[in-house]
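> Numbering (the working numbering), first residue to last: 509 to 613. Every residue, glycine too, gets a C-beta built ideally from N, C-alpha and C.
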């Protein structure tokens, strides 16, 4: 395999860096569209409550290659997962306040 082929190879790290943000954008777009189409709020909230933790688990078990990545890479990965968890928790709290409070109408 030439150096160019190795450089263009989709590693698990590259897949994580592309797929994670893509799923977030798609989820936010779906949430916005669901509000316009009168999708049940329970369905939206359940999706945001369940799917992000499932993604974080799958990302850890399937998309982090312990054999290929260093301990420093693992620390960066853990930091990224911590940030994602905190953002997810904040968004979930926002949705709960929006749906249960007076903001939602």
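1. May I have a chain-ordered list of the alpha helix (DSSP H) segments no shorter than 4 residues that lie completely inside the stretch 529 to 598?
2. Looking only at its chain, what residues have a beta carbon closer than 7 Å to the beta carbon of residue 542, apart from the 5 residues adjacent to it on each side?
3. For the pair the stretch 561 to 578 and the stretch 516 to 526, tell me if three or more CB-CB distances fall below 8 Å.
4. For residue 560, which residues in the same chain have their Cβ closer than 6 Å to its Cβ, ignoring the five residues on either side in sequence?
5. Quick check on residue 567: buried or exposed, where buried means 16 or more other Cβ atoms within 10 Å of its Cβ?
6. Out of 528, 549, 533, which has the shortest C-alpha to C-alpha gap to residue 602?
7. CA-CA distance, residue 525 and residue 609?
Quick answer:
1. Runs of alpha helix (DSSP H) with 4 or more residues, each lying fully within the stretch 529 to 598, are found at 549 to 570, listed in chain order.
2. Here residue 542 has 552 as same chain residues with Cβ atoms under 7 Å from its own Cβ, once five neighbours each way along the sequence are excluded.
3. Touching, yes.
4. Closer than 6 Å at the Cβ level, and outside the excluded window around residue 560, lie 596.
5. In this structure residue 567 is buried. Its beta-carbon is surrounded by 16 or more other beta-carbon atoms within 10 angstroms.
6. Residue 549 is the option with its Cα nearest to residue 602.
7. Rounded to whole angstroms, residue 525 to residue 609 spans 35 Å at the Cα level.
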